[in-house]
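Here is the structure we will look at.
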Amino acid sequence: MPQKAGDNREILKTVLKGIEKFNDLRAPEARAQLVEFREGKILVRFSGQMCFSCGVFDYFEDLLYEIRDLGIKVEIKDFRRESEDCYLVLYKI
372 MPQKAGDNRE
382 ILKTVLKGIE
392 KFNDLRAPEA
402 RAQLVEFREG
412 KILVRFSGQM
422 CFSCGVFDYF
432 EDLLYEIRDL
442 GIKVEIKDFR
452 RESEDCYLVL
462 YKI
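For the sequence shown, the working numbering assigns the number 372 to the initial residue and increments by one for each residue that follows.
Written as structure tokens, this is what we have:
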């Protein structure tokens, strides 16, 4: 059952678990780091060799599914290349 959006502490804890699982499975090729957490929004920095691949968006979706598997419904709202080897991705809860 999805968690309530008002329970920010639990949501943050769950998001961090999803990021940890993502990194366990995909590092060092891809690493995700939480940049900002506000009610309803998650900003994540992706870095690594994946930034040079043609399937970079797949990594953004992989994190989305890791978090969804933990019971938080998220969607990708926006993404942009921050530098040559780094992307910022905004997720909406």
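Cβ coordinates follow ideal geometry from the N, Cα and C atoms, glycine included. Every value quoted in this text rests on a predicted model; they were computed, and no experiment measured them.
Backbone CA spacing between Q420 and E453 [nearest angstrom]: 14 Å
Buried or exposed for M372, please, with buried defined as at least 16 other CB atoms from any protein chain shown within 10 angstroms of its CB. Model confidence at M372 stands at a pLDDT of 42, short of 50, so the residue's coordinates are unreliable; what they give is reported in the following sentence. That one is exposed.
Secondary structure of D449, DSSP reduced to three states: strand
Shorter than 8 Å from the beta carbon of E446 to some beta carbon of chain B? Annotation note: the requested chain B is absent from the structure, which comprises a single protein chain.
Could you check where the alpha helix (DSSP H) with E432 kicks off and where it finishes? 427-440
Where are the beta strand (DSSP E) runs, 3 residues long or more, that stay fully inside the stretch 389-423, in chain order? 402-409, 412-418
Would you identify the three-state DSSP class for V386, choosing helix, strand or coil? helix
Measure the CB-CB distance between I382 and I447 and report whether it falls below 8 Å. no
Give a yes or no on whether the C-beta atoms belonging to A401 and F417 are separated by under 8 Å. yes
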